[in-house]
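Colleague: 96 is the number that our numbering gives to position 96 of the sequence shown; each next residue is one higher, with no gaps.
This is the structure I want to talk about, given as structure tokens.
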Amino acid sequence: MKALLAWIAAARWRLSLSHCVEGLLIQIPVGLMFGFGVGALAVVVWYWSRKKLEMETAAKTPGASDATVWMIGWFPWQWDRYKLLDVVMPACSSALIAWALQTYARPLSLF
């Protein structure tokens, strides 16, 4: 496990890639209850809100109200490239999983 964590920590994009595994922990339970397309949407919403909160926390000065930073971080062009990767990589992987499971389940439903 230490070797895996060291490999992930060696490059920043690998940390974004590791979010795909975390995304499965969101997509699988939501997907089993409501469908894997909804699970993929839950992954996107989770990571989008997480990056928005990171932007707000970074912009907030100590002692200031949360109302002063609510408008920061809503859009991806306000993020750096690694925050963008942190959303795009799990979003793409969960969308591909949802598409593959929907495509796979369709031929089985014919019988």
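Heads up, the beta-carbon is just placed ideally off N, CA and C, and yes, glycines get one too.
1) What separation, rounded to the nearest whole angstrom, lies between the Cα atoms of Ala28 and Trp48?
2) Give the secondary structure of Thr68 by DSSP, where H, G and I count as helix, E and B as strand, and everything else as coil.
3) I believe Pro76 touches Val43 by the beta-carbon criterion, under 8 Å. Please report the beta-carbon distance rounded to the nearest angstrom.
4) Rounded to the nearest angstrom, how far is the Cβ of Lys52 from that of Gly73, given a contact under 8 Å?
5) Taking the alpha helix (DSSP H) that Trp77 belongs to, which residues open and close that run?
6) Do three or more CB pairs link the stretch 84-103 to the stretch 31-42 at distances below 8 Å?
7) What does a CB cutoff of less than 7 Å around Leu85 pick up in its chain, not counting 5 residues either side in sequence?
Modeller: According to the structure shown:
1) Position 28 of the sequence shown, counted from the start, is the residue given in the question as residue 28. Position 48 of the sequence shown, counted from the start, is the residue given in the question as residue 48. Residue 28 is actually Ile in this sequence, not Ala. Taking the straight line from one Cα to the other gives about 18 Å.
2) Taking the first residue of the sequence shown as position 1, residue 68 is located at position 68. For Thr68, the secondary structure class from DSSP, reduced to helix, strand or coil, is helix.
3) For the purposes of this step, residue 76 is taken as residue 76 along the sequence shown, with counting starting at 1. For the purposes of this step, residue 43 is taken as residue 43 along the sequence shown, with counting starting at 1. In fact, because the Cβ distance is near 16 Å, the residues do not count as touching under 8 Å.
4) Numbered from 1 along the sequence shown, position 52 holds the residue referred to as residue 52. Numbered from 1 along the sequence shown, position 73 holds the residue referred to as residue 73. Sure, about 4 Å apart at Cβ, within 8 Å.
5) What you label residue 77 is simply residue 77 of the sequence shown in a count that begins at 1. Premise fails: Trp77 is in no alpha helix (DSSP H) and is neither H nor E.
6) Yes: at least three Cβ pairs fall under 8 Å.
7) One-based indexing of the sequence shown puts residue 85 at position 85. Closer than 7 Å at Cβ, skipping near neighbours: Trp13, Ser16.
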